[in-house]
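Here's the structure, in structure tokens; my notes come after.
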Amino acid sequence: MMTRKSGSNTDGRDNRGRFAAGNRGKPKGAKNRASLVALELFEGGVQDIAAAVIDQARAGDLTAARIVLDKVLPNAKERAIALPDLPSTDTAAGVSHAQQKILEAVATGVITPGEASTLSSVLEQRRKALETMELEQRIIALEEARHEPA
Numbered sequence: 001m002m003t004r005k006s007g008s009n010t011d012g013r014d015n016r017g018r019f020a021a022g023n024r025g026k027p028k029g030a031k032n033r034a035s036l037v038a039l040e041l042f043e044g045g046v047q048d049i050a051a052a053v054i055d056q057a058r059a060g061d062l063t064a065a066r067i068v069l070d071k072v073l074p075n076a077k078e079r080a081i082a083l084p085d086l087p088s089t090d091t092a093a094g095v096s097h098a099q100q101k102i103l104e105a106v107a108t109g110v111i112t113p114g115e116a117s118t119l120s121s122v123l124e125q126r127r128k129a130l131e132t133m134e135l136e137q138r139i140i141a142l143e144e145a146r147h148e149p150a
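Letter by letter, the sequence shown follows residues 1 to 150 of full-length UniProt numbering.
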């Protein structure tokens, strides 16, 4: 094992090469020299690269145009959908007709398949709620009939 001479302690280490008490080396988040050099090169060229990509997009390069648009315009996650001819969903038959209308809207391009899936999920929850309400009413009617005098 190599030991250090007692006069060469300039980096906060003891004679055995360990950090002395209270000295833990680099602070948290410190970058090494290679990372700093790469960051400097990158930052210096970003404007030139962006200008080149924009010029290519203006010249008709669709890949460059997609890159520019992806960075400038955020992806639309959701949008408001208006399907005015949806039937009432107060009955199971109404929910079924609404599902048919959603299918037709996808087929004609009014809404995307993803939007249809979301709407179908909402309708399925509505159908389950209707089913639960119907079962509750049946149970109440059976219990009342059971307790009525004969």
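Just so it is clear, CB atoms sit at the ideal spot from N, CA and C, and this is done for glycine as well.
Candidates the options, of which the one nearest residue i by Cα
i, options, result
"Q100", "D90, L123 and A82", "L123"
"A105", "R16, A21 and L119", "L119"
"A116", "E78, T91 and A52", "E78"
"T108", "V68, L83, G60 and A38", "L83"
"K26", "G12, A34, E136 and V37", "G12"
Close Cβ partners of residue i (< 6 Å) along its chain, the five nearest in sequence each way excluded
i, result
"K5", "Reliability of the predicted coordinates at K5 is poor, the pLDDT of 49 falling under 50, and the value obtained from them is presented with this limitation in mind. Cβ neighbours of K5 beyond the five flanking positions: none."
"Q56", "A64"
"G7", "Reliability fails at G7, whose pLDDT of 48 lies under 50, so the model's placement of it is uncertain and the value that follows must be treated cautiously. Nothing meets the Cβ criterion."
"A20", "G12 and D14"
Contact with chain C by residue i, beta-carbon distance below 8 Å
i, result
"A30", "Annotation note: the requested chain C is absent from the structure, which comprises a single protein chain."
Anticipated Cβ contact below 8 Å, residue i with residue j, distance rounded
i, j, result
"A98", "T89", "6 Å"
"I49", "V68", "Between V68 and I49 the Cβ distance is about 12 Å, and since that is not below 8 Å, they are no contact."
"L135", "A92", "Not a contact, Cβ separation roughly 12 Å."
Chain-order list of residues whose beta-carbon lies under 7 Å from that of residue i (same chain, five-residue window excluded)
i, result
"D85", "K101"
Buried/exposed call for residue i, threshold 16 Cβ in 10 Å
i, result
"I139", "exposed"
"V46", "exposed"
"residue 211", "With the chain represented from 1 up to 150, any question about residue 211 goes unanswered, as that position is not in the structure."
Where residue i sits in the DSSP three-state scheme
i, result
"R79", "coil"
"R16", "coil"
"residue 173", "This structure leaves residue 173 out entirely; the chain is present only between 1 and 150."
"residue 157", "The displayed coordinates of the chain run from 1 to 150. Any statement about residue 157 would go beyond what the structure contains."
"V46", "helix"
"D55", "helix"
"K101", "helix"
"residue 179", "Past the edges of the chain, shown from 1 to 150, lies residue 179, and the structure says nothing about it."
"P113", "helix"
"L86", "coil"
"A92", "helix"
Own chain residues within Cβ distance below 8 Å of residue i, not counting five before or after
i, result
"E148", "none"
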